[in-house]
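Residue numbers (the UniProt record's numbering): 1 to 298.
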């Protein structure tokens with residue numbers, strides 16, 4: 001969108017509505033008084049003209065009244081021409097011929113529906129987000145897009161689909177060390193989503209206050225397969241740590257026996273001892289010990 005032709009909000013200074021209301025009531029009472037004098041006076045035409053003029057002035061004062069709540073604005077147009085936006089609170093007055101369209105400036109929530117998209121690996125995932133937004137520029141919201149609320153919903157879904165394609169769902173060997181994923185890098189992903197939403201909402205004069213993922217899961221058709229994959233990776237990682245710890249313990253045991261001179265073992269006996277200790281330490285089941293009642297060298 002060409003920024004040079006983008007409609008921007010301009011401030012409109014409305015008058016105090018209470019003064020206008022008071023003036024309108026006084027003018028209408030004066031008009032009724034002149035009508036009464038017309039009936040009592042022989043020169044009734046003058047009083048009639050005066051009553052009509054004063055009465056019209058009173059109606060103009062009362063016809064231009066409108067009220068704005070906190071965090072509410074009024075967009076004023078005259079025969080299709082944008083006049084300005086009034087952000088004042090309370091009872092206000094503007095020219096009665098101005099068309100006044102109220103527009104809320106309060107924060108709004110948009111809960112994106114759960115979408116099925118492909119992540120960076122091409123795996124189907126389900127993703128959803130909650131977006132907190134509000135109108136920043138009323139002129140852009142009303143005149144630059146057809147329906148800014150629908151615009152927000154459509155662009156939010158598009159941003160969510162694009163975000164999912166930028167990241168993998170979970171860590172894996174095919175990713176670079178420390179690479180951000182949807183599941184592990186929630187804060188980074190949320191910041192990225194907020195930035196992309198703001199860029200997309202800019203044309204509608206909408207400001208993004210916050211954006212967070214509310215749902216993230218593998219699609220149903222691959223959920224079981226990915227669960228088994230995660231379980232296998234967890235088992236492999238746990239086994240690697242167990243083996244590393246067992247080797248360290250065996251090394252410490254052999255070193256302690258050698259340094260203290262408790263028993264002298266040849267290479268064959270050391271190998272047997274290492275094998276037995278590794279079986280005991282690495283096994284996921286309870287081992288049954290065998291007591292040797294003979295000598296060490298039998």
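Every residue, glycine too, gets a C-beta built ideally from N, C-alpha and C.
One or two residues paired with residue 104 in a DSSP bridge | 72
To the nearest angstrom, how far is it from the Cα of residue 190 to the Cα of residue 211?
-> 6 Å
Backbone secondary structure at residue 27 - three-state DSSP = helix
What is the DSSP secondary structure of residue 130, counted as helix, strand or coil?
-> strand
Nearest-angstrom Cα separation, counted from residue 171 out to residue 245 | 25 Å
Beta-carbon proximity list for residue 106, same chain, < 7 Å, skipping 5 on both sides | 71 and 134
Just mark residue 52 as buried or exposed, buried being the case when its beta carbon has 16 or more other beta carbons within 10 Å.
-> exposed
Under a three-way DSSP split, which group does residue 220 fall into?
-> helix
Since residue 144 contacts residue 204 with CB under 8 Å, what's their CB separation in whole angstroms?
-> 6 Å
Which of the three DSSP states, helix, strand or coil, is assigned to residue 208?
-> strand
Residues sharing a beta bridge with residue 299, DSSP | Because the chain here runs from 1 to 298, residue 299 falls outside it and cannot be looked at.
Kindly identify the DSSP beta-bridge partner or partners of residue 215.
-> 128
Cα-Cα separation between residue 109 and residue 208, rounded to whole angstroms = 10 Å
Reduced DSSP secondary structure (H/G/I, E/B, other) of residue 19 | helix
For residue 136 and residue 206, believed in contact at Cβ under 8 Å, the rounded distance = 6 Å
Please look up how many angstroms separate the CB atoms of residue 73 and residue 85, rounded, as I've assumed it's under 8 Å.
-> 5 Å
Can you tell me whether DSSP reads residue 112 as helix, strand or coil?
-> coil
Work out the CA separation of residue 152 and residue 20 for me, nearest whole Å.
-> 38 Å
Would you give the residue range spanned by the alpha helix (DSSP H) that residue 187 belongs to?
-> 186 to 201
Less than 8 Å between the CB atoms is what I'm expecting for residue 142 and residue 75, so what's the real figure, rounded?
-> 6 Å
Does DSSP put residue 37 in a helix, in a strand, or in coil?
-> helix
Element boundaries [alpha helix (DSSP H), containing residue 56] | 44 to 63
Compute the distance between the beta-carbons of residue 155 and residue 200, then report whether it is under 9 Å.
-> yes
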